[in-house]
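Before any comments, here is the structure.
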Amino acid sequence: MLFFSRRTTEHRGRRALPPWRYRIAGLAAAALALSFVQANAGNAAGDATSQAGPKAAADVVRVAEFLAECPYTHRAPDDPIVFPGLPGASHMHSFFGNDTTNARSDLASLEKGRTTCAPTTDLSSYWVPTLYDGDKEVEPTGTTFYYLGEGVRDDVIRTIKPFPRGLRIVAGNAVATGPDDNTIARWSCLHHGEVNPSHDFVNCPAGSMMESYLDFPQCWNGTDLDSPNHKSHMAYPVGGECPSTHPVAVPKLRQVLRYPVNGDPARFRLASGRGYTMHGDFFNVWPEAEMAQRVRDCINAIIKCGADGTP
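Just so it is clear: in the sequence shown, position 75 is 68 by my numbering, and no numbers are missing.
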């Protein structure tokens, strides 16, 4: 605060200014001082913003992930990986993503197809055995496919490579005879952690939904897009890294399906059998540039991204 004399006596031979002029001068000086303080504060804030960048580091979730939401498209007793070119040779499958998938699908035909996925750049095809409640088909209302870095050490995550275009993978055991028969299927209840997950169907409370989780292998032999058993060209990590036989780390595909059913699990069956026969098929038709950008900016950078490939 600045103070000025209000005396009206003369000073150095000149008559003093009237009191109202002192008041105006005081207000002007105070306003000038306030403007100076605000300008300095604004500059400091600007410097802090420019140093922090367009998105504050605190807003970034340090999880190596991007995803695709790919709703159900159709059912067919086809499997272009296991029974290529043989319509009707398979048990019933429910397909997600690319809506042209059938027994004769290959990379060229799928690239010409359409998709239900978000993002629409993902033309990949995903499929699983159809779930039945009694004799009624049940399709999932939640269909999320996560691409993750988890399962390997952080230093390995930073070396993960994109899936090669045309890669085909089958995960799970369609011919499992029991819950411990080399199956990786997991069933749980949405928002009901008190129900223990199981390899087989679970009894979910009224009003909830039954969930299926399936993790695909994330180590590739670096050569083959498929193999005779549709599995041996891929492997799961051991001790946080890929085995020497499958040295190329790729994203872990996690398939999460939510079915609008609950109650007595004895009512449910898959087209392949009990819940522990749950398996998933993946035919990669991501455009190379789109996949590469997401792997670089989300997985290698260990940043959680949405369907658009950004944090």
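Where is the CB? At the ideal position from N, CA and C, for every residue including glycine.
Item	Value
What does DSSP give as the partner residue(s) for Ser181 in the beta ladder?	Glu204
Just to confirm my understanding: we take Arg262, look at its own chain, exclude 5 residues before and 5 after, and list those with CB closer than 7 Å. What are they?	Tyr125
Within a Cβ cutoff of 6 Å, which residues of the same chain sit near Arg158, ignoring the five residues on either side of it in sequence?	Glu281
Applying the 10 Å Cβ sphere with the 16-neighbour rule, what's the burial state of Lys245?	buried
Nearest by alpha-carbon distance to Val288: which of Gly171, Lys154, Ala259, Arg179 is it?	Lys154
Apart from the five residues on each side of it in sequence, which residues of its chain come closer than 6 Å, Cβ to Cβ, to Asp219?	Arg161
Which runs of the beta strand (DSSP E) spanning at least 3 residues fall entirely within the region 51 to 93, listed in chain order?	58 to 62, 65 to 69, 86 to 90
Quick check: what's the CA-CA separation for Asn293 versus Ala57?	7 Å
Tell me which same chain residues have a C-beta within less than 8 Å of the C-beta of Ala34, skipping the five on either side of it?	In this prediction, Ala34 has a pLDDT of 41, which is less than 50 and means its spatial position is unreliable; nothing more can be read from the coordinates.
Take the Cβ of Ala101 as the centre, count every other Cβ of all protein chains shown within 10 Å, and call the residue buried at 16 or more, exposed below.	exposed
Would you please state the rounded distance, in angstroms, between the beta carbons of Val278 and Ser118? I believe it to be under 8 Å.	7 Å
Val149 lies in the alpha helix (DSSP H); which residues open and close that run?	147 to 150
When the Cα atoms are used, what is the spatial distance from Pro75 to Asn95?	The question names Pro, but residue 75 is Val in the sequence shown. For Val75 and Asn95, the distance between alpha carbons rounds to 12 Å.
Would you identify the three-state DSSP class for Gly256, choosing helix, strand or coil?	strand
Closer than 7 Å: is that where the CB of Glu58 sits relative to any heavy atom of the ligand HEM?	Absent from the structure shown: the ligand HEM. Ligands present: none.
Taking a contact to mean a Cβ-Cβ separation below 8 Å, would you say Gly135 touches Cys110 in this structure?	no
Compare the C-alpha of His212 against each of Ala178, Arg260, Val145 and name the closest.	For the sequence presented, residue 212 should be read as Cys rather than His. Nearest of Ala178, Arg260, Val145 to Cys212, Cα basis: Val145.
Roughly how many whole angstroms lie between the Cα atoms of Asp148 and Cys63?	30 Å
Could you tell me whether the Cβ atoms of Arg251 and Met284 are closer together than 8 Å?	no
Give the DSSP bridge partners of Thr108, in chain order.	Asn91
Can you say whether His192 is buried or exposed, counting buried as having 16 or more other CB atoms within 10 angstroms of its CB?	buried
Secondary structure at Val163, three-state DSSP: helix, strand or coil?	strand
State the Cα-Cα distance for the pair Ser87 and Ser181, rounded to the nearest angstrom.	20 Å
By DSSP's criteria, Leu248 is part of a beta bridge. Which residues make up the other side?	Reading the sequence as shown, one finds Gln at residue 248 and not Leu. Per DSSP, Phe138, Leu207.
For Thr170, which option in Arg267, Trp120, Pro77 has the closest C-alpha, if you only look at C-alpha atoms?	Arg267
Excluding the 5 residues flanking Ala228 on each side, which residues of the same chain have their C-beta closer than 6 Å to its C-beta?	Pro210, Cys212, Pro236, His239
Using a threshold of 8 Å, state whether the C-beta atoms of Val163 and Thr270 are closer than that.	no
Return yes when the Cβ of Asp217 is within less than 8 Å of the Cβ of His226, no when it is not.	yes
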